[in-house]
Amino acid sequence: MNPQAKLIFTISLLLGTAITTSSNHWIMAWAGLEINTLAILPLISKSHHPRAIEAATKYFLVQATASTLLLFSSMTNAWYTGQWDITQLTHPISCLILTSAIAMKLGLVPFHFWFPEVLQGAPLTTGLLLATVMKFPPITLFFLTSHSLNPTLLTCMAILSAALGGWMGLNQTQIRKILAFSSIAHLGWMTIIISFDPKLTLLNFYIYSLMTTATFLALNSIKALKLTTLMTTWTKTPSLNAMLFLTLLSLAGLPPLTGFLPKWLIIQELTKQSMAPAATAISLLSLLGLFFYLRLAYCTTITLPPHTTNHMKQWHTNKPTHITIAILTTLSTMLLPISPLIYPLS
Numbered sequence: 001m002n003p004q005a006k007l008i009f010t011i012s013l014l015l016g017t018a019i020t021t022s023s024n025h026w027i028m029a030w031a032g033l034e035i036n037t038l039a040i041l042p043l044i045s046k047s048h049h050p051r052a053i054e055a056a057t058k059y060f061l062v063q064a065t066a067s068t069l070l071l072f073s074s075m076t077n078a079w080y081t082g083q084w085d086i087t088q089l090t091h092p093i094s095c096l097i098l099t100s101a102i103a104m105k106l107g108l109v110p111f112h113f114w115f116p117e118v119l120q121g122a123p124l125t126t127g128l129l130l131a132t133v134m135k136f137p138p139i140t141l142f143f144l145t146s147h148s149l150n151p152t153l154l155t156c157m158a159i160l161s162a163a164l165g166g167w168m169g170l171n172q173t174q175i176r177k178i179l180a181f182s183s184i185a186h187l188g189w190m191t192i193i194i195s196f197d198p199k200l201t202l203l204n205f206y207i208y209s210l211m212t213t214a215t216f217l218a219l220n221s222i223k224a225l226k227l228t229t230l231m232t233t234w235t236k237t238p239s240l241n242a243m244l245f246l247t248l249l250s251l252a253g254l255p256p257l258t259g260f261l262p263k264w265l266i267i268q269e270l271t272k273q274s275m276a277p278a279a280t281a282i283s284l285l286s287l288l289g290l291f292f293y294l295r296l297a298y299c300t301t302i303t304l305p306p307h308t309t310n311h312m313k314q315w316h317t318n319k320p321t322h323i324t325i326a327i328l329t330t331l332s333t334m335l336l337p338i339s340p341l342i343y344p345l346s
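First residue of the sequence shown: 1, per full-length UniProt numbering; consecutive thereafter.
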């Protein structure tokens, strides 16, 4: 792709995100989301492969539908209350439509079908944008309207997302699809707590973005797209593979690592809100995700394959690991000890 074109699309992405996150008016928020959608489409379809074109088409149709629902929700609210302010969403029908629109934008169950397909069709770097940057504006709208939304509906959607994200990821061999289902499961954790402690949702999103960025950049560096390819990369970059191993365990939410922090805080808050059954359910469902993260981690650091693979072993490269990946991996694994500074525990 032309560097100038890539620069324009990247600036448009940042602009769309900035407009949505800083707006008070529904029309401005909608305009920012539209700019975002139009800016990412050329980045998804830049390889001109039929699968990439299909992914871009699916993405466009779903996002256009979600944006229409969002506009319809805000217009219904303005019709009944005379308010265009984002925080003044009070009409119950509008709240229901908005929940559907944002769930569609994010890829929450039951509107999750498009996300694994689009991520599978996009390159790894664009997949990273889809899994992190593109989710920030809808999460912001969730944050601003969280006091108006129905907690029961959000809890049901969250538990279903955690269940489906875990179940569907179990039998995948394509790494991008595994990461897509991982994203759906993490969104479940963010959604379950948003009615009770919206700041905790944002903290979860930031930590998830950090870990996902480290994972995607490491995979992009070793050019691994399938589990079979990942099994032979240990000969190529042993140190990067070790770092990827730790990042994947952190993404799974294992205790000594950063990924455990948001899960710990969310379980604590749900228990305080007398929602121990929901906390138990979502904790048990995260074990499904742990299985496929462990499988990924096992494939990453495997040194003696249990059977002879058809893939040639790759040559060891002396190219140093990029400093960005090193910093992100460090943050993805070692932030737990300073958790009181990140989120003061009450």
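Every residue, glycine too, gets a C-beta built ideally from N, C-alpha and C.
(request) Check HIS48 in the structure and name its three-state DSSP category. (result) On the sequence shown, position 48 is the one that residue 48 refers to. Looking at HIS48 - three-state DSSP - the assignment turns out to be coil, as it is neither helix nor strand.
(request) Express the C-alpha separation of THR99 and LEU154 in angstroms, rounding to a whole number. (result) By one-based count along the sequence shown, residue 154 stands at place 154. By one-based count along the sequence shown, residue 99 stands at place 99. If I take the Cα positions, the gap works out to 8 Å.
(request) Measure the alpha-carbon distance for LEU89 versus ILE27 and round it to whole angstroms. (result) The residue labelled residue 89 in the question sits at position 89 within the sequence shown. The residue labelled residue 27 in the question sits at position 27 within the sequence shown. Within the model, the alpha-carbon separation for LEU89 versus ILE27 is close to 14 Å.
(message) Out of THR330, TRP189, LEU15 and PRO3, which one is the CA nearest neighbour of PRO256?
(response) Numbered from its first residue, the sequence shown carries residue 256 at position 256. For the residues THR330, TRP189, LEU15 and PRO3, the minimum Cα distance to PRO256 belongs to THR330.
(request) Provide the residue(s) that pair with HIS25 in DSSP beta bridges, ordered along the chain. (result) Indexing the sequence shown from 1 puts residue 25 at position 25. HIS25 pairs with ASP85.
(message) Please classify THR271 as buried or exposed, where buried requires at least 16 other C-beta atoms within 10 Å of its C-beta.
(response) One-based indexing of the sequence shown puts residue 271 at position 271. Exposed, since its Cβ has fewer than 16 Cβ neighbours within 10 Å.
(message) Output needed for MET134: all residues of its chain with C-beta closer than 7 Å, excluding positions within five of it in sequence on either side, in chain order.
(response) Here residue 134 refers to the residue found at position 134 when the sequence shown is read from its first residue. In chain order, ASN36 and ILE40 place their CB closer than 7 Å to the CB of MET134, counting only its own chain and leaving out the 5 sequence neighbours on each side.
(message) Rounded to the nearest angstrom, what separates ILE11 and SER47 at their Cα positions?
(response) Position 11 of the sequence shown, counting from 1, holds the residue named residue 11. Position 47 of the sequence shown, counting from 1, holds the residue named residue 47. Approximately 20 Å between the Cα atoms of the pair.
(message) Residues in the same chain with beta-carbon distance under 7 Å from LEU265, minus the five sequence neighbours each way, listed in chain order, please.
(response) The residue labelled residue 265 in the question sits at position 265 within the sequence shown. Leaving aside the five residues that flank LEU265 on each side, the residues in its chain whose CB is nearer than 7 Å to its CB run, in chain order, LEU200 and TYR343.
(request) Please name the residue or residues paired with GLN174 in a DSSP beta bridge. (result) Counting from one through the sequence shown, the residue named residue 174 turns up at place 174. Checking the DSSP bridge columns, you'll see GLN174 partnered with LYS226.
(request) Say whether the region 60-67 touches the region 159-167, bearing in mind that this needs 3 or more beta-carbon pairs closer than 8 Å, one atom from each stretch. (result) With the cut-off at 8 Å, the region 60-67 and the region 159-167 do not touch.
(message) Distance check for ALA55 and LEU43, CA to CA, integer angstroms please.
(response) Locating residue 43 in the sequence shown gives position 43, counting from the first residue. Locating residue 55 in the sequence shown gives position 55, counting from the first residue. Cα to Cα, LEU43 sits roughly 11 Å from ALA55.
(message) Less than 7 Å between the beta carbons of LEU249 and ALA297, yes or no?
(response) Along the sequence shown, one-based indexing puts residue 249 at 249. Along the sequence shown, one-based indexing puts residue 297 at 297. Going by C-beta atoms, LEU249 is nearer than 7 Å to ALA297.
(request) State buried or exposed for PHE291, treating a residue as buried only when at least 16 other CB atoms are found within 10 Å of its CB. (result) On the sequence shown, residue 291 is found 291 positions in, with the first residue counted as 1. With fewer than 16 Cβ atoms within 10 Å of its Cβ, PHE291 is classed as exposed.
(request) Consult DSSP for PRO262 and reduce its assignment to one of helix, strand or coil. (result) One-based indexing of the sequence shown puts residue 262 at position 262. Helix.
(request) Measure the C-alpha to C-alpha separation of PRO123 and LEU217 and round it to an integer number of angstroms. (result) As a working mapping, residue 123 is identified with position 123 in the sequence shown. As a working mapping, residue 217 is identified with position 217 in the sequence shown. A direct Cα-Cα distance of roughly 12 Å separates PRO123 from LEU217.
(request) Decide if PRO138 is buried, meaning its Cβ has at least 16 other Cβ atoms within 10 Å, or exposed. (result) Numbered from its first residue, the sequence shown carries residue 138 at position 138. PRO138 should be labelled buried.
(request) Give a yes or no on contact between the region 1-15 and the region 67-85, applying the rule of three or more CB pairs nearer than 8 Å. (result) Contact between the region 1-15 and the region 67-85 is absent: fewer than 3 CB-CB pairs across the two stretches fall below 8 Å.
(message) Please state the DSSP three-state secondary structure of PHE196.
(response) In the sequence shown, counting from the first residue as 1, residue 196 sits at position 196. Coil at PHE196, not helix or strand.
(message) Tell me the residue span of the alpha helix (DSSP H) that contains PHE245.
(response) Here the question's residue 245 lines up with position 245 in the sequence shown. First-last of the alpha helix (DSSP H) with PHE245: 238-252.
(request) Mark SER182 as exposed unless 16 or more other C-beta atoms lie within 10 angstroms of its C-beta, in which case mark it buried. (result) What you label residue 182 is simply residue 182 of the sequence shown in a count that begins at 1. Buried: at least 16 other Cβ atoms inside 10 Å.
(request) Could you tell me the distance, in whole angstroms, from the CA atom of THR228 to the CA atom of SER23? (result) As a position in the sequence shown, residue 228 is number 228, starting the count at 1. As a position in the sequence shown, residue 23 is number 23, starting the count at 1. Here the alpha carbon of THR228 sits roughly 46 Å from the alpha carbon of SER23.
(message) If you follow the alpha helix (DSSP H) that THR300 is in, where does it begin and where does it stop?
(response) Within the sequence shown, numbered from 1, the residue matching residue 300 stands at position 300. Segment 276-301, the alpha helix (DSSP H) holding THR300.
(message) If the criterion is Cβ atoms closer than 7 Å, does the pair THR300 and LEU244 meet it?
(response) By 1-based counting over the sequence shown, the position of residue 300 is 300. By 1-based counting over the sequence shown, the position of residue 244 is 244. LEU244 sits close to THR300, with the two beta carbons spaced by under 7 Å.
(request) Would you grab the beta carbon distance between ALA103 and ILE282 for me? Rounded to a whole angstrom, and I think it's under 8 Å. (result) Along the sequence shown, read from residue 1 onward, the residue named residue 103 stands at position 103. Along the sequence shown, read from residue 1 onward, the residue named residue 282 stands at position 282. Contact between ALA103 and ILE282 is absent: CB atoms are separated by about 17 Å, not below the 8 Å threshold.
(message) Can you give me the C-alpha to C-alpha distance between LEU128 and ASN77, rounded to a whole angstrom?
(response) Counted from its first residue, the sequence shown places residue 128 at position 128. Counted from its first residue, the sequence shown places residue 77 at position 77. Whole-angstrom Cα-Cα distance: 34 Å.
(request) Taking the CB atoms as reference points, tell me whether ILE184 and LEU225 lie closer together than 7 Å. (result) In the sequence shown, the residue the question calls residue 184 occupies position 184. In the sequence shown, the residue the question calls residue 225 occupies position 225. Not a contact, by the Cβ cut-off of 7 Å.
(request) With a 10 Å radius around its C-beta and 16 neighbouring C-beta atoms as the bar for buried, classify THR126 as buried or exposed. (result) In the sequence shown, counting from the first residue as 1, residue 126 sits at position 126. When all chains shown are included, THR126 counts as buried.
(message) Given a cut-off of 7 Å on the beta-carbon distance, is the pair ALA252 and TYR293 in contact?
(response) Your numbering for residue 252 matches position 252 in the sequence shown. Your numbering for residue 293 matches position 293 in the sequence shown. In this structure, ALA252 places its C-beta atom within 7 Å of the C-beta atom of TYR293.
(message) Just to confirm the assignment, what range does the alpha helix (DSSP H) spanning PRO340 have?
(response) In the sequence shown, counting from the first residue as 1, residue 340 sits at position 340. For PRO340, the uninterrupted alpha helix (DSSP H) segment begins and ends at 339-342.
(request) Would you kindly report the start and end of the unbroken alpha helix (DSSP H) that includes GLY107? (result) Along the sequence shown, read from residue 1 onward, the residue named residue 107 stands at position 107. If you look at GLY107, you'll find it isn't in any alpha helix (DSSP H); DSSP assigns it neither H nor E.
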